[in-house]
Amino acid sequence: RAAGHKIADLTGRHVLVSAGGTREHLDPVRYLGNSSSGKQGYALARIAAARGAKVTLVAANSELPDPAGVHVVPVTSTRDLFDEITARAVDADAVVMAAAPADFRPADVAEHKIKKTADGSVPAVNLVQNPDILATISHDRARKDQVIVGFAAETGDAEHSVIDLARAKLERKGCDLLVVNDVSGGKVFGSDMNEAVILDRDGGALPVPSGSKDALAGVIWNLVDARWQ
Ligand code: CTP
Ligand code: CA
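Structure representation (structure tokens):
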């Protein structure tokens with residue numbers, strides 16, 4: 192399908208997309224966060240809407256403008272995102288988790304702004320683990336024909352390639368498709384370009400050459416659509 196000449200092939204479908212990076216508050220003004228720009232999730236939402244889908248975008252702390260024709264639900268923390276995605280997944284033909292949820296949150300949130308002390312002592316931050324949204328919705332499928340897509344940014348390590356780690360992640364999460372970005376060699380976040388390999392649960396791997404986030408979004412929706420057929 193030529194770019195710019197999309198037909199409304201996703202008409203009648205409802206898709207749920209998450210985007211952005213969650214924030215975990217330490218006190219009323221401070222948080223632990225990450226530098227996810229939200230661009231890939233917003234591109235997925237915009238392209239799906241342009242192809243005729245009904246789109247709900249659960250957006251964590253992104254400064255991007257609301258895409259035309261998309262219902263945007265703002266959230267702050269991973270637990271907020273968990274609540275919105277698990278509640279809304281029931282109505283969705285596809286769920287795409289493009290957000291970067293914080294894996295951990297402070298065990299306690301200070302009610303008032305944390306102050307320095309006269310003796311120079313430093314506060315400790317104890318963390319607890321957040322729920323895994325993608326694994327939860329994949330393992331307790333709201334609907335049998337639902338297509339669930341995850342993302343993974345991996346560097347590989349001494350014993351495992353990026354693809355080995357990603358394949359294990361897909362199986363652990365139980366999703367249908369996993370969009371894998373190789374982030375070794377200091378590849379930067381926040382860029383408008385993306386290069387990926389899309390793994391599917393049946394063992395397939397589709398390399399997507401470097402292109403725009405809109406182009407990658409288009410490929411992802413094509414693969415989701417193929418799984419609906
Ligand atoms: N994800 C999620 N809930 C979380 C963490 C991650 O739904 N609490 C989703 C992300 O949105 C992404 C996928 O899971 O689609 C993979 O995220 P990633 O951080 O790579 O997975 P983790 O299981 O957190 O693994 P790691 O220890 O490598 O961070
Ligand atoms: Ca993680």
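Counting in full-length UniProt numbering, the sequence shown runs from 192 upward without gaps.
For glycine and all other residues, C-beta sits at the position ideal for the given N, C-alpha and C.
beta-carbon residue i near ligand 2 non-hydrogen atom, thresh 7 Å
i: D294; result: yes
Integer-rounded CB distance, given that residue j should sit under 8 Å from residue i
i: R358; j: N321; result: Between N321 and R358 the Cβ distance is about 24 Å, and since that is not below 8 Å, they are no contact.
i: N225; j: A291; result: 5 Å
i: Q231; j: V286; result: Not really, about 15 Å apart at Cβ, beyond 8 Å.
i: A333; j: A280; result: 5 Å
i: A210; j: A250; result: 5 Å
i: residue 156; j: T277; result: Here the chain has residues from 192 to 420 only, and residue 156 is not among them.
i: V246; j: V220; result: The Cβ separation is near 33 Å, so there is no contact.
i: G340; j: M288; result: Position check: residue 340 holds Val in this sequence, whereas Gly was assumed. The pair is a contact, with the Cβ atoms about 7 Å apart (cut-off 8 Å).
i: A396; j: V374; result: So it is not a contact: roughly 18 Å between Cβ atoms.
i: D218; j: A301; result: 4 Å
i: V263; j: R237; result: At roughly 11 Å, the Cβ-Cβ gap does not stay under 8 Å, so V263 and R237 are not in contact.
i: I324; j: L272; result: 6 Å
Distance cut-off 7 Å: residue i Cβ against heavy atoms of ligand 1
i: P322; result: yes
i: A387; result: no
i: A315; result: no
i: A290; result: yes
i: K360; result: yes
i: K364; result: yes
i: residue 423; result: No answer is possible for residue 423: the residues shown for the chain start at 192 and end at 420.
i: G203; result: no
i: A234; result: no
i: A250; result: no
i: A343; result: yes
i: S207; result: In the sequence under discussion, the amino acid at residue 207 is Leu, which differs from the Ser named in the question. No.
i: L414; result: no
i: L325; result: yes
Residue i CB to nearest heavy atom of ligand 3 below 7 Å
i: L217; result: You won't find ligand 3 in this model; what it holds is ligand 1 and ligand 2.
C-beta neighbour in chain C for residue i, strict 8 Å
i: A293; result: You won't find chain C in this structure, because it holds only one protein chain.
Touching by the beta-carbon criterion (3+ pairs, under 8 Å), the segment 197-208 and the segment 304-317: Judged by pairs of C-beta atoms under 8 Å, the segment 197-208 does not touch the segment 304-317, as fewer than three such pairs exist.
Cβ pair count under 8 Å reaching 3, the segment 407-417 against the segment 236-247: Flag = yes, the segment 407-417 and the segment 236-247 touch.
Any beta strand (DSSP E) of 3 or more consecutive residues that is wholly inside the segment 273-310: You should have 285-288 and 295-297.
Whole runs of the alpha helix (DSSP H) within the segment 321-384, excluding any shorter than 4 residues: At a cut-off of 4 residues, the continuous stretches assigned as alpha helix (DSSP H) that sit fully inside the segment 321-384 are 324-330 and 353-364.
Segment contact, 8 Å Cβ cut-off, at least three pairs: the segment 386-398 with the segment 362-373: Two segments are said to touch when three or more pairs of C-beta atoms, one from each, lie closer than 8 Å; by this definition the segment 386-398 touches the segment 362-373.
Inside the segment 221-266 only - alpha helix (DSSP H) runs reaching at least 4 residues: Whole alpha helix (DSSP H) segments, 4+ residues: 230-241.
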